[in-house]
Amino acid sequence: MQDELETVSRVLRGDTEAFRLIVDRYERPVLSFVRHLLRDPEDAPDLAQEVFFAAFAKLSRFDPACSRLSTWLFTIARNKTINANKKKRPRAISALPEQQSPGEVSDDLVLREMFVKLDVALQSLPDRQRRAFVLSQIEQLPYEEIAQIEGARVGTIKSRVNRARQKLQASLATFMKDDNE
Amino acid sequence: MNKQKVYQQWLKKKQAVEIPEDFAECVMTGIYHDSHREDFSKWDQWVCTPLAQAGLAIGALLVFVIRFVMLFAAAVG
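Going line by line, the protein sequences match chains P and B. Following the working numbering, the numbering of the first sequence begins with 9 at its first residue and continues without gaps. Following the working numbering, the numbering of the second sequence begins with 55 at its first residue and continues without gaps.
As structure tokens, then:
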């Protein structure tokens, strides 16, 4: 944390190369977040770059007293993905391969089909639920940080994540029965 | 296969995002060539120096004193 603040002040003093440390540290989480939220994931690297360009341009506005650097970067990424999704038409969710009975095919193929089903379910979630789910379950951010990024209460975020998890797990219901059933 | 296990495997797959090898390089190239910090940030930095803040304070005090003297002179005269 202290190192990050030192890096930020180095960049603000004109050491542009120090910004590379921020990019190296946050490229994976930012790219992952953007990829999971964009309607067209192929645009993710370009948009993630834009996030870092914007962060560099507005670095003097970052206030360590208000948020962590990661929170600030995710907030920029969140806003950029919302804007990018507004510009893009909703993408038709690709049709699933015809479902076969699990007994007829290998476990590997069934597993792949289930992953596709989960991917489709994730894409179908309302935007707010999807963002909360991605930040919490994939990026593993604490609820407090997600609440700050989303400008919502912690309880609201928890409820969005829970609803998203329920929907995702329900998407597997057609494939199998739970162990405890 | 149980539902929870599949879900956890899927999450792990989602967490393993591949980064294009030259991603950081592209960002830095873009920053060096296309993007510059907003000019006001330099202004912010300048305004935040102790010398600039002292100058601003002295300037404000001078303006206040001059206006006070002018008002006093107008009242007396």
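Virtual Cβ for every residue (Gly too), placed ideally from N, Cα, C. As the structure is a prediction and not an experimental result, all values here were calculated from the model.
- For residue 113 (chain B), the uninterrupted alpha helix (DSSP H) run begins and ends at 104-130, by DSSP.
- In summary, residue 182 (chain P) is exposed, with fewer than 16 beta-carbon neighbours lying within 10 Å of its beta-carbon over all protein chains present.
- No residue range can be given for residue 159 (chain P), since it is assigned to no alpha helix (DSSP H) and is classified by DSSP as neither H nor E.
- If you compare the alpha carbons of P:57, P:126, P:152 and P:32 with that of residue 76 (chain P), the shortest gap goes to P:152.
- Between residue 157 (chain P) and residue 86 (chain P), the CB-CB gap stays under 8 Å.
- With the criterion set as a beta carbon lying under 8 Å from some beta carbon of chain P, the members of the region 67-86 of chain B are 67, 68, 69, 71, 73, 74, 77, 78, 80, 81, 82, 84, 85 and 86, in sequence order.
- According to the DSSP assignment, residue 125 (chain P) belongs to the alpha helix (DSSP H) that extends over 115-132.
- Flagged as an interface residue toward chain B: residue 32 (chain P), by a C-beta distance shorter than 8 Å.
- Taking a cut-off of 8 Å on C-beta distances, the region 23-43 of chain P touches the region 77-87 of chain B, as three or more cross pairs fall below it.
- Per DSSP, residue 74 (chain P) is not a residue of any alpha helix (DSSP H), being assigned neither H nor E.
- In this structure, DSSP gives residue 56 (chain B) a state outside helix and strand, which the three-state scheme calls coil.
- The C-alpha of residue 51 (chain P) is placed about 13 Å away from the C-alpha of residue 90 (chain P).
- Per DSSP, residue 72 (chain B) lies in no alpha helix (DSSP H) and is assigned neither H nor E.
- P:66 is the residue among P:66, P:84, P:94 and P:78 whose C-alpha sits nearest the C-alpha of residue 20 (chain P).
- Collapsing the DSSP output to three states places residue 140 (chain P) in a helix.
- Within the same chain, Cβ atoms closer than 7 Å to the Cβ of residue 46 (chain P) are found at 52, 55, 89, 92 and 93, the five residues on either side in sequence being excluded.
- In terms of beta-carbon proximity, residue 43 (chain P) lines the interface with chain B, with at least one pair separated by less than 8 Å.
- Membership of residue 57 (chain P) in the alpha helix (DSSP H) is indicated by the continuous run 52-65.
- Shown in chain order are the members of the region 44-68 of chain P whose Cβ falls below 8 Å from a Cβ of chain B: 44, 53, 56, 57, 60, 61, 64, 65, 66, 67 and 68.
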